[in-house]
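Protein chains in written order, with this note's numbering: chain S, 32 to 652; chain E, 32 to 652; chain V, 1105 to 1445; chain Y, 1105 to 1445. These notes concern the structure reproduced below.
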Amino acid sequence: MVTTTKTKTASNTSKAVELETVTVRFVGDSGDGMQLTGSQFTNTSAIVGNDLNTLPDYPAEIRAPAGSLGGVSGFQVNFSSKRIHTPGDCLHALIAFNPAALKTNLADLDHGGILVVNSDAFSQSNLDKAGYESNPLEDGSLDDYKLFAIPVGKLNAEAVADTGLSTKAAGRCKNFFALGVVYWLYERPLEPTTRWIEQKFAKAPAVVEANCKALKAGYYFGETAEIFPLTYRVPPAKIPAGKYRKITGNEATALGLVAAAKLADKKLFYASYPITPASDILHELAKRKNCSVKTFQAEDEIAAVCAAIGSSFGGAMAVTGTSGPGIALKGEAMGLAVIMELPLVIINVQRGGPSTGLPTKTEQADLLQAIYGRHGECPMPVLAASTAPDCFTMAIEAFRIATKYMTPVLLLTDGYLANGAEPWKIPSVDGLPKIEVKHPTDPDNYHPYQRDENLSRPWAIPGTPGLEHRLGGLEKDALTGNVCYLPENHEKMIHTRAAKIAKIADDLPLLEVDGDQSGDLLVLTWGSPFGATTTAVEQCRERGLSVSHAHLRYLEPMQKNVGEVLSRFKRILIPEMNLGQLSSRIRSLYLVDTISLSKVQGKPFMIREIETKIEQVLSEI
Amino acid sequence: MVTTTKTKTASNTSKAVELETVTVRFVGDSGDGMQLTGSQFTNTSAIVGNDLNTLPDYPAEIRAPAGSLGGVSGFQVNFSSKRIHTPGDCLHALIAFNPAALKTNLADLDHGGILVVNSDAFSQSNLDKAGYESNPLEDGSLDDYKLFAIPVGKLNAEAVADTGLSTKAAGRCKNFFALGVVYWLYERPLEPTTRWIEQKFAKAPAVVEANCKALKAGYYFGETAEIFPLTYRVPPAKIPAGKYRKITGNEATALGLVAAAKLADKKLFYASYPITPASDILHELAKRKNCSVKTFQAEDEIAAVCAAIGSSFGGAMAVTGTSGPGIALKGEAMGLAVIMELPLVIINVQRGGPSTGLPTKTEQADLLQAIYGRHGECPMPVLAASTAPDCFTMAIEAFRIATKYMTPVLLLTDGYLANGAEPWKIPSVDGLPKIEVKHPTDPDNYHPYQRDENLSRPWAIPGTPGLEHRLGGLEKDALTGNVCYLPENHEKMIHTRAAKIAKIADDLPLLEVDGDQSGDLLVLTWGSPFGATTTAVEQCRERGLSVSHAHLRYLEPMQKNVGEVLSRFKRILIPEMNLGQLSSRIRSLYLVDTISLSKVQGKPFMIREIETKIEQVLSEI
Amino acid sequence: MSSQIPVEAVKLTAKQFASNQDVRWCPGCGDYSILAQVKKVLSNIGASRENTVFVSGIGCSSRFPYYMDTYGLHSIHGRALGFASGLKAYNPDLNVWVVTGDGDGLSIGGNHLLHAIRRNFDINILLFNNRIYGLTKGQYSPTSEIGKRTKSTPDGVIDYPLHPISVAIGAEASFVARTVDVHVKHLADTIERAARHKGTSFVEIYQNCNIFNDGAFQYATDKQTKADNIVELVHGRPLIFGKERTKGIRLNGLSPEIVTLGEGVTEDDLLFHDEKAREPSLAYLLSRMHHPEFPEPIGVFRAVERSTYEDVLQDQVTAAIERGKGDLDDILNEGDTWVVA
Amino acid sequence: MSSQIPVEAVKLTAKQFASNQDVRWCPGCGDYSILAQVKKVLSNIGASRENTVFVSGIGCSSRFPYYMDTYGLHSIHGRALGFASGLKAYNPDLNVWVVTGDGDGLSIGGNHLLHAIRRNFDINILLFNNRIYGLTKGQYSPTSEIGKRTKSTPDGVIDYPLHPISVAIGAEASFVARTVDVHVKHLADTIERAARHKGTSFVEIYQNCNIFNDGAFQYATDKQTKADNIVELVHGRPLIFGKERTKGIRLNGLSPEIVTLGEGVTEDDLLFHDEKAREPSLAYLLSRMHHPEFPEPIGVFRAVERSTYEDVLQDQVTAAIERGKGDLDDILNEGDTWVVA
Ligand SMILES: Cc1ncc(C[n+]2csc(CCOP(=O)(O)OP(=O)(O)O)c2C)c(N)n1
Ligand SMILES: Cc1ncc(C[n+]2csc(CCOP(=O)(O)OP(=O)(O)O)c2C)c(N)n1
Ligand code: SF4
Ligand code: SF4
Ligand SMILES: [Mg+2]
Ligand SMILES: [Mg+2]
């Protein structure tokens, strides 16, 4: 989505056009360094003060054969001078490193958009691998676009020729050459990237030199070759004052967990088994030993959740993180945590399913599994983050609820939030809410299942004399926690466990509505469609449509006023990256009819998809 | 529930009373042989032509300490001259082998009911273990009942004194002595039990002799001791003509699976890991090798479901059976079966949860797990049996659907159905529906995911030349089944898988209503509450109340007319042994308000609990 | 170095480790004897109630924690070691015991056993081997013999049994032992050795299930036959057995053989036990001696020192903190930041 | 007796086993070489496409079935052996292969490995050991070395690695071998031996992951050093190695030691390999020889005959049918019945 404003004269010979929002995408082979290139572009855009949002997209294979369609990796950056909430619907510029990348991505480029290709890679064999009958650079099929065919390979090789690197190593700099070109095109400074290169390769001066040379060469090529008639300028965004950094959802989740432990004055224990797209949380936390964080890479997801529960029994702030297939494996132990009433945070970074599905793509089809996916009556709070930075907030909130209510809590994020980056206004530690955790020590009148005003039982931990007790998965006496098979006790415990979770609703902020508080249409979201919906509703409202937006971060239990909010609107539209799971839940809870907008393509919603649906629904009222 | 009719003179000195329905319960230590005694009584009652229904009830421990409250094991038999559907609400007679058994069961005995106790077991130490302050046989606390304190131990010892058995072995006959007494009391023949004893202990003639002696001695004791003023006679029931046998749910499930394979002209492969109350299915099937049944006791539930799927890929009629905790473990592989579209039947014999819960008790709280408990959009048909014999029918139906639609199918039963026995009119094999299974062999135009009119793909199996193909958990191309990451293909496959399962509804019989086809109240049931509800609704209707009954055996997808049926009634009442899971599903599917009658005590509904609720609901309309 | 056993000022008695719950095993079950000896060992080593935790899975044996007046977790089937691993990794100061069965520990839980052992957590694993599934009423287990008829194998077991000690050695356990429920003193001594070992102690206990597999170990417990059917391992001593202690085990290449002392054979010709051998090859070889060909070794097969997972993890944490304690403010402000005015 | 390999009338070529799917491993990955040799072995043994099934879990290695023009299952992580077990038990006529990784087969899937091995299904397990998690981009695996820094262990691995061969021998595998991705002939020969073995064949293949753990096995593959760092096992032959084949392995008690031939040491003093030894103690001992102390053995550690699960199961079925084929009508009418008129 590009909004042109006015044309200015740039400092060099090309003219500079000022744009509000620009989306660019870098695409190439898995080995071409696209993720790196995209991240650097993101960093730099952040530093110049744009609002931004990113969408990395990589294949399930580590490195499929060079030049193949299956091996294409991409990174999309949306940057803007206003607030944005998505990685952008379509592309202002596409930077394609080979024919396969061009083939699989061209459809997303705006008509008339900028297309930069590495013409060196358009060899016959690469064209064949991509399934091109003729060379698109020559056959006129790209006439609709502003095509810039640059022999990146050759130019880069020349640029770094005197750094003493091998041909192969020198070739690896070509992404920086291309990045330089794009920096020039969008008037971005080189300095943040050169600084990064210097740090990253500090031990290999030749590599630093080569990469910096390539970057600069690309930039100067843009300037001097004069192939670009225009450059583009995206001014800084008007965003709230403060100190910012860029953060992905997984980083934010990890930091949120560290923060929660700190706020509770306790220690974090993270047990996990690697799985895409959740592994980065493990990697992040493994680096935090100096915060007394212990991480445990278990032999599988079952062992991981069990280890987390074991540590929770021991008094840890216990977390286990995974994605769909791992959640399936953790179900049995989650049930045990429910009946033992121990605090635990379980993170599900949702990905495309069912089964292995589309492991590197995003989806939000695990909601009903989160709520219902255990045997027996097994209630558990379920939260979901809405944006990458929100993962930080919700990780803390998950721990607040887990410890206050002595319960496992499921926190849902998704592949798009996990890997996508956004600017984050860094919170001050003092401003974060303390988490109060008490461990009883007094043996007098201690009963393992005696409940407080929140229906929570006491968290007595090993090492405390006189509070020795046994927990387990058999039904337990309502006070002593001893094994108890009595029918009435079982029924009482079933109801008490349910009531405890239901009662959390009293402790949640009310649901707020963005826009009119009542009207024709409410768009109700959960999870990552928050971003596209926010913009879509804003834009529709600017055009005078009667539409509002409410976003659920608490899926179980829901906030107390949800039913009431829904009743204020004629229609409820629910966009979800699944077949209507929240929709089904809302219908069951509130007996309210819903319109489900479903997208299950492994990709986030585009703004215009939601806008179109809003228009359609409103036109039918 | 006892309905007295008229008094007759019996053949001996006591008078015989004719009763319509009688409920007796045998209770004693786990080691006292209560399950055996109850089964024998059931068998005999079946043979004399009563309708009947049973409820075995045993502790989670194998054999808790003798005399302890936790070690009490019971077996309840309801037998009648009319059609009955439950094990009975309260007891006509309680036969208690020790104080602990008396203590934990007395509350269920009718006021004025018959109480037979083994007075030998009322020693001070046993009274202490049961927590009796004074001896109830002496302190007048049992005055409300017809108490018969019989020194069973002593009398039995005398009866078998000359059989040459050790004291210990002789003591083991005392349950037969008591059974003899009860046979006399209810005018049952001894012959079926003596025949059973002779077969069972054929290799130990002394044991045969002793047990038979004990049985007869008990019977003659009843006759000659003249302690019973009355005997009771329950005439044969008027049940449809035919040949009958007694069958438990687990037996019926096992036979249904064997029958399904036979009807499909294929071989059964049953992979399982032992778990209460599902293990008996494995035990039953392990005996069926002469029907070409192969059973595989895997190392855990995950391996079991995977082995079943592997065999299905190989062309087997594949089944895996378990209970709640096992289902939790099978979730991931079930998702794989969904995406690979292979036929598979998964049986969940539900038990009390969450977690280990009440492993030997019944519950039906796994419905929503069955429907939603997998990650991603992962649709799967869910069926549920209503009675023990119905397990046979539904096992066949599960296979019909699994093979016709190339899908895993979940079949739910529960602990009460699994272990409870009912008379079963033995079907003729010719009358059972054939299951048509085709395995393609023609390589021309074969595509692993090409669909037929049912949206089913072909079941090509290894060994077939030219049809070599690969299945897996990654998203697959809609035709070839090759790995495919394309967004549109994923969405198409998500929709196709869902549509295939939804379409099964076209292939189901319509839901029928028992009673008026419209009216004030419909009681909607699924699973084992069928029985109590049938009787409750019948009785209410006899009293002129406007109430009807409909029973769901198909939970996912539902029969096509369910919504329409519901719309014909003012109120919908749903009795479930959970917190309202079907209720929640009905609300979500049909936006219909429901009244949930929930009982979660590890025991089936009583008729009067449902009657009371019906009355209450009707009084509030 | 001995294991982490937090010590009471005044030793508690065995009885003081009993919880107030009724023990619900079948009368005559071998589990009773093990329960009694474990309490005695805790008393002997001067353990404290509050720092001791018993963790179990599901099975008859796994009811164990309920009967101990210590902290306890009766978890889910096969996963006890998962819980114990997390607990010990988080809090290395606790004295952690795991009680499991042949089904719980070797069937569904086999993988966790391998991994706990290789990580060498300082925990004590007691595997009650009754060669049957008790709690589920008599199906065969991974240690049941070929041909055994059980509820799930009416035509006889067809899978070769696993040998728990061989499996543990396959994963290179630092402490491996075997003992028998009714050999009370040997049982107590072996459990005490396990308790005092720093690292994962794996103890296989032959346990009689008198309901579903009565007499499974009669050869090793019967007064008449046991001396011929078991051989006690003593570090540094030759393998001698038999009622008169006249029989011994000699190595022929890598094959053990039974010899009679005296007939030209002296003690020095026998195999000498070395529980501290760096490589577990001897321990493995001993684990291959099965009844009836051989007397079965009981006692400690292997006891070597190796760092424990929890200690090294704690060391890494300590070292990281020494390099610079993490400050939440700093962490939140890491990387490229920019200020919007 | 050799394994169940349904034979084509005319042998197919290796190429005829290639599916039409693009191979998507990283350029330079060791998996390519293994793929090529497996196809060659299938051709050699005269396998048919339609009776051959490749089953895998999840991991780079587990993509294997897609590249074979046979039947195939790319299942879920760690569970390949579950699927293969059911398939083989149901249809013993199929030629079943399992391809797994060090994570897939030894981390999440370790237990299924133990149990498939003890049941001795006639299947061939190829474990691609690259000592890393490839597909999830570089976390440590159960075979990674202590101290290794990976994404999930920035301060170094702290758990002792499992040794796949030791684990397999702990479960008493009937066939155990090791080979190396780039030793093409040895690779093919070993895989062919595995294919011809009747029973579970377990083959550990050292496989280079040039992206996340490049050079992990350089000591065993480098032209300069490999002769000193590996020793080839040949049944009935002494263990000799070294560039000039002047070095050998001798047993000192139960401890292997390196000796130089000639210096008073002759071939006869060396350890002679016996892959058919009844007890797996020798195989276990050999599995303990690790680089750099010892040259690492490659080749067949153990190859013994034992009945397979699927055969005995089939025998039980056949015997039951011979005793009287089950008739559905009879079965439904079993037990006490009564007639209501
Ligand atoms: C997930 C799961 N699967 C199965 C069971 C049923 N189950 C309980 S204990 C047990 C096996 C018990 O055998 P073992 O571990 O040898 O213990 P024992 O009773 O013999 O002491 C099984 C299969 C369960 N509780 N949970
Ligand atoms: C249940 C589950 N957990 C985790 C994963 C993620 N995962 C995929 S492959 C893999 C490990 C791969 O390592 P390895 O088996 O050594 O195979 P390699 O890629 O090295 O060949 C993991 C953890 C998954 N797919 N499913
Ligand atoms: S069933 Fe066996 S193992 Fe279980 S308590 Fe009884 S005797 Fe012990
Ligand atoms: S990541 Fe490693 S193991 Fe995986 S394909 Fe690439 S080189 Fe091979
Ligand atoms: Mg056992
Ligand atoms: Mg690997």
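Think of the CB as a built atom: it goes at the ideal place given N, C-alpha and C, for glycine as much as any other residue. Bear in mind the structure is a predicted one, so any value in this text is a computation, not a measurement.
Report buried or exposed for residue i, applying the criterion of at least 16 other Cβ atoms within 10 angstroms of its Cβ.
i, result
"Arg1410 of chain Y", "exposed"
"Val1443 of chain Y", "exposed"
"Thr194 of chain S", "buried"
"Asn476 of chain E", "exposed"
"His1097 of chain V", "Nothing about residue 1097 of chain V can be read from this structure; chain V reaches only from 1105 to 1445."
"His1267 of chain Y", "buried"
"Arg276 of chain S", "buried"
"Met1105 of chain V", "Unreliable positioning characterises Met1105 of chain V in this predicted model, as indicated by a pLDDT of 43, which lies under 50. A coordinate reading is not provided."
Please tell me whether residue i and residue j are closer than 9 Å, where the distance is taken between their beta carbons.
i, j, result
"Met365 of chain S", "Arg405 of chain S", "yes"
"Gly249 of chain S", "Tyr1194 of chain V", "no"
"Gln381 of chain S", "Thr279 of chain S", "no"
"Gly503 of chain E", "Met371 of chain E", "yes"
"Leu441 of chain E", "Ile378 of chain E", "yes"
"Tyr585 of chain S", "Pro420 of chain S", "no"
"His1178 of chain Y", "Ser1189 of chain Y", "no"
So who's on the other strand from residue i, going by DSSP bridges?
i, result
"Pro588 of chain E", "Beta-bridge pairing links Pro588 of chain E to no other residue."
"Tyr1237 of chain V", "V:Gln1243"
"Ser104 of chain S", "S:Gly59"
"Ile1309 of chain Y", "Y:Phe1232, Y:Thr1283"
Locate the alpha helix (DSSP H) running through residue i, then write down its first and last residues.
i, result
"Pro1360 of chain V", "No alpha helix (DSSP H) holds Pro1360 of chain V; the beta strand (DSSP E) holding it covers 1359–1364."
"Lys531 of chain S", "518–534"
Can you give me the start and stop residues for the beta strand (DSSP E) that residue i sits inside?
i, result
"Pro1401 of chain Y", "1400–1407"
"Ile126 of chain E", "122–127"
With a threshold of 8 Å, establish whether the CB of residue i neighbours any heavy atom of ligand 7.
i, result
"Thr1254 of chain V", "Because ligand 7 does not appear in the structure shown, any question about it cannot be addressed here, the ligands present being ligand 1, ligand 2, ligand 3, ligand 4, ligand 5 and ligand 6."
Check distances from the C-beta atoms of the stretch 1319–1334 of chain V to those of chain E and list, in chain order, the residues that come in under 9 Å.
Near chain E, meaning a CB-to-CB distance below 9 Å, no residue of the stretch 1319–1334 of chain V qualifies.
Which of the residues in the stretch 1266–1284 of chain Y, read from start to end, lie with their CB under 8 Å from any CB of chain V?
Per Cβ criterion, the list reads Leu1266, His1267, Ser1270, Val1271, Ala1272, Ile1273, Gly1274, Ala1275, Glu1276.
Taking any Cβ of chain S, which residues in the stretch 1196–1211 of chain Y have a Cβ under 9 Å from it, in chain order?
Along the stretch 1196–1211 of chain Y, the positions whose C-beta sits under 9 Å from a C-beta of chain S are Gly1207, Leu1210, Ser1211, read in chain order.
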